[in-house]
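Number of protein chains: 2
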Amino acid sequence: MSVGIRHDDLRRRNRAMVISAVRRAGQPSRTEIAATTGLSHSTISAISSDLIQEGILTESKPSEAASLKRGRPQVGLGLNPEATAVMTVVLSLNFLSVAVIDYAGQVIAEEQRRLDTQTMPRDELIGECTAIVRRRFEDPDLDVRSVARIAMGIQGITDTHARAMLWSPITSLTDIPFADILEGEFGIPATMENDCNMMAVALQWRDPERYRDDFIAILLSHGIGMGLVLKGELFTGTHSSGGEFGHMIHRPGGALCRCGRRGCVEAYAGNYAIWRNARMMSEDAEPTDVGDADMRALAARARETDGPEREAYRKAGEALGFGLGSLFALIDPAPVAMVGVSAAAFDLIEPALREAIAQTAGGQHSKSISFDTEPNELPLIREGCAMRALGFVDQEIFAPGVQARAGAGKNVA
Amino acid sequence: MSVGIRHDDLRRRNRAMVISAVRRAGQPSRTEIAATTGLSHSTISAISSDLIQEGILTESKPSEAASLKRGRPQVGLGLNPEATAVMTVVLSLNFLSVAVIDYAGQVIAEEQRRLDTQTMPRDELIGECTAIVRRRFEDPDLDVRSVARIAMGIQGITDTHARAMLWSPITSLTDIPFADILEGEFGIPATMENDCNMMAVALQWRDPERYRDDFIAILLSHGIGMGLVLKGELFTGTHSSGGEFGHMIHRPGGALCRCGRRGCVEAYAGNYAIWRNARMMSEDAEPTDVGDADMRALAARARETDGPEREAYRKAGEALGFGLGSLFALIDPAPVAMVGVSAAAFDLIEPALREAIAQTAGGQHSKSISFDTEPNELPLIREGCAMRALGFVDQEIFAPGVQARAGAGKNVA
DNA sequence: AGTATTTTTTCGAGGCTCGAAAAAATAGAG
DNA sequence: CTCTATTTTTTCGAGCCTCGAAAAAATACT
Chain A
6 MSVGIRHDDL RRRNRAMVIS AVRRAGQPSR TEIAATTGLS HSTISAISSD LIQEGILTES
66 KPSEAASLKR GRPQVGLGLN PEATAVMTVV LSLNFLSVAV IDYAGQVIAE EQRRLDTQTM
126 PRDELIGECT AIVRRRFEDP DLDVRSVARI AMGIQGITDT HARAMLWSPI TSLTDIPFAD
186 ILEGEFGIPA TMENDCNMMA VALQWRDPER YRDDFIAILL SHGIGMGLVL KGELFTGTHS
246 SGGEFGHMIH RPGGALCRCG RRGCVEAYAG NYAIWRNARM MSEDAEPTDV GDADMRALAA
306 RARETDGPER EAYRKAGEAL GFGLGSLFAL IDPAPVAMVG VSAAAFDLIE PALREAIAQT
366 AGGQHSKSIS FDTEPNELPL IREGCAMRAL GFVDQEIFAP GVQARAGAGK NVA
Chain B
6 MSVGIRHDDL RRRNRAMVIS AVRRAGQPSR TEIAATTGLS HSTISAISSD LIQEGILTES
66 KPSEAASLKR GRPQVGLGLN PEATAVMTVV LSLNFLSVAV IDYAGQVIAE EQRRLDTQTM
126 PRDELIGECT AIVRRRFEDP DLDVRSVARI AMGIQGITDT HARAMLWSPI TSLTDIPFAD
186 ILEGEFGIPA TMENDCNMMA VALQWRDPER YRDDFIAILL SHGIGMGLVL KGELFTGTHS
246 SGGEFGHMIH RPGGALCRCG RRGCVEAYAG NYAIWRNARM MSEDAEPTDV GDADMRALAA
306 RARETDGPER EAYRKAGEAL GFGLGSLFAL IDPAPVAMVG VSAAAFDLIE PALREAIAQT
366 AGGQHSKSIS FDTEPNELPL IREGCAMRAL GFVDQEIFAP GVQARAGAGK NVA
């Protein structure tokens, strides 16, 4: 059962609250923070003075438009970029990229690299990942000790504890404990995150107005994935990660899915499925990789003439619609962001999708459901990993922070 | 965003923690509470002394087996039954029942009543509900002022805020704001709860070992409903309540469902659907009410001979299996309790159900998923309502408790 | 009757937040 | 150019709350 609140938890939580308020708001004044957190001015003053002394926050004098007002001008508080840094590692099909991000969220170094993930043996794949990270650590321009955490993102299934990649479409390898590997190699905490979850995290930061409490990010790419945010928090299953939205059953016994089962949503809406249908191949045809350029060409053809290509997208829309409908039968409708190559063809998908949703229990609100599209998933995944890692750092800097508040026994003027 | 923790919240939360520890454990000693909550002995001592003075808890001297140990015997703490009471109102098909439950959870009065819910006009239905509650209030044996809260349970859809019945299979009436009606009539807080959710709540109390953090309660009755507990908390959608599990699409364009759509799980697994298939009626045949006795007879016949009856249960199992499979694609597998008349025929349903699950993404763990059955849903719903209401009371008694802790400035010996 | 053992209470110390008041920093008025 | 109004931030004392240690209480064993 949940545990009682100790006296010292109080400060810790309120410190966290202040940090998160600053991260969200950008350059809030102490007064603003007091307003959003509901804590008193005195408390905010005390906490932020601590955080500044510890080098976590910095004061940034002029907030420009402040000069319009009468009284004492507000002092903006910002995250100190030098407080610490995090590293992101994103492994996608034939592509590996790392970035170093300072505490304020700015990219300060990056490296990208092509490699053949599909044929690479286990040791080599792991070796490439650790090597690219090591190169960042050995960068003379970078203060190595300042990197506090690594977040790695990958397409596929990860375990709930964000420790290992269990399965991924980009390689035939399974069960690689990347988090443990990176931690062992570099001695700093690491997590292994699912790509769609990171897309959702990134959307929450990009547009907090729209993507706040409940929303869905769906990856329309070779495979179909989903990141789900409920009540403002990433929702992962109880055991493994990443709602396996793409493998909900659309038609029992239906088309062959990459996962080996039949009738999954993905077997109708994944790139390979759309390709298969557009080429009028059998639904049992072995899934093949289709390049992004080919998919774009396919979409163009579907827009031009009402042939099998258009029908393929219609089928994809139908499958996605029934999947979403089933989802909306369990959780209520929420805004949806479509991400990935096929999101660029969402105009072809949407009509059938909406029609399908309207036939389901979630359909009552089908009109009110709104869709966004974002054709490029990689930047989102990187951003999500960065924010994820920074979020962890926020939570960890204040935890030992209570002890770390050495010296400064009393606030000195 | 979430709000900072004030200093006085601390006591309030820890009081709540103590109360909930006592409600869960039955007769825990102060030492036990300290262990489960993680708070210090001094704190528990102070809080429980407050709670006893306020009449919320009582000391109950001998804990019997305690005499085996050496030192000072433990003093059990229990909920004071007289602290307050709650009332439950359960409205089901042609049946209305109320009960008064003391703070310790014992039923101290009840009344049940048959009525024709299906044809009853709106005013009359509401009138019957308020009248039966009023009769309890007018009971001379009962201290009226002690009833602190009403929880009403109903089959069907309720709004997220637990205020109104939006739709129910037991009546053609819709959108009855029962919570507001009861509050207006009797001046005490009331909520309108969904039956399946209450079943889940009750299971959590009946068998906390098995039904702790994540589990599912499925109602197999005329309709199909679901109550879902995730991370120890009732999971309701974001807008309306009660995952509409029964109306997930099993076969697009398939059998006619009571809801008017086609292919829902319920259109294969609801009592009327099983009946329809067993009688080899059309899948488009209008849903009809089937009595419990008829359903039991049908199950008996299905067990005897391998005819259309057995096939009907097989189809029900298949639909439920695919529904559960889709569910398990989103949240990971969890124990399932089957409740309601058809749960008594679960032996007929289970084989096809497991086979279907095995074909879905959740199927990897299909072997490990375990099912319980409970043919009688009404007692569960009543129990759930009672615990729900008491839970609210627990949360409300401590909130004003901080102010209400009048007099007793210091702990007196 | 005395000792060991376990539970519960008491007591002082240390922290934290709060409200009120003071201090700081600026724009506008005369 | 000085004074006043206004707004933000800090300071200070008060009031709670939790904690650890020690004391008190209550029983079983010797």
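These protein sequence lines map, in sequence, to chains A and B.
Last residue of the first sequence: number 418 in this note's numbering, and the count goes up by one each step with no gaps.
Last residue of the second sequence: number 418 in this note's numbering, and the count goes up by one each step with no gaps.
All residues carry an ideal CB built from backbone N, CA and C; glycine is no exception.
Neighbour flag for residue i against chain A, beta carbons, 8 Å
i	result
residue 360/B	no
residue 392/B	no
residue 252/B	yes
residue 374/B	no
residue 331/B	yes
residue 365/B	yes
residue 87/B	no
residue 319/B	no
residue 249/B	yes
residue 84/B	no
residue 301/B	no
Contacting residues, own chain, Cβ-Cβ under 6 Å from residue i (five flanking each side not counted)
i	result
residue 317/A	279, 282, 283
residue 107/A	86, 90, 113
residue 9/B	none
residue 225/A	343, 345, 347, 348
residue 354/B	318, 321, 322
residue 64/B	80
residue 329/A	362
residue 392/A	206, 210
Within 8 Å, strictly: CB atoms of residue i and residue j
i	j	result
residue 20/A	residue 62/A	no
residue 75/B	residue 116/B	no
residue 255/A	residue 266/A	no
residue 98/B	residue 138/B	no
residue 197/A	residue 153/A	no
residue 195/B	residue 207/B	no
residue 160/B	residue 174/B	yes
Other residues of its chain near residue i: CB distance less than 8 Å, five sequence neighbours each side excluded
i	result
residue 42/B	19, 22, 23, 26, 49
Beta carbon proximity, residue i to chain B, threshold 8 Å
i	result
residue 284/A	no
residue 341/A	no
residue 160/A	no
residue 8/A	yes
residue 327/A	yes
residue 257/A	yes
residue 101/A	no
residue 19/A	yes
residue 56/A	no
residue 170/A	no
As assigned by DSSP and simplified to three states, the class of residue i
i	result
residue 14/A	helix
residue 238/B	strand
residue 271/B	helix
residue 406/B	Because residue 406/B carries a pLDDT of 41, less than 50, the predicted location of this residue cannot be relied on, and the following value inherits that uncertainty. Helix, per DSSP.
residue 8/A	coil
residue 307/A	helix
residue 300/B	helix
residue 251/B	helix
residue 222/B	strand
residue 312/B	coil
residue 396/B	helix
Residues near residue i in its chain [Cβ-Cβ closer than 7 Å; skip 5 each side]
i	result
residue 295/B	276, 277, 280
residue 260/A	267, 268, 272, 273, 278, 288
residue 327/B	255, 361, 365
residue 201/A	222, 224, 230, 231, 232, 247
Near the ligand PLP: residue i beta-carbon under 7 Å from a heavy atom
i	result
residue 43/B	This structure lacks the ligand PLP; in fact it carries no ligand of any kind.
### Secondary structure, alpha helix (DSSP H): runs of 4+ residues fully inside the segment 14–92 of chain B
35–42, 46–58
### Task
Identify every run of the beta strand (DSSP E) within the segment 136–219 of chain A, keeping only runs that are complete inside it and at least 3 residues long; order them along the chain.
152–159, 170–172, 179–181, 195–199
### Task
Can you check the segment 317–389 of chain A for any alpha helix (DSSP H) of at least 4 residues that lies completely inside it and give the ranges in chain order?
351–363
### Task
Pick out the complete beta strand (DSSP E) segments inside the segment 90–128 of chain B, 3 residues or longer, and give them in chain order.
90–97, 100–107, 112–119
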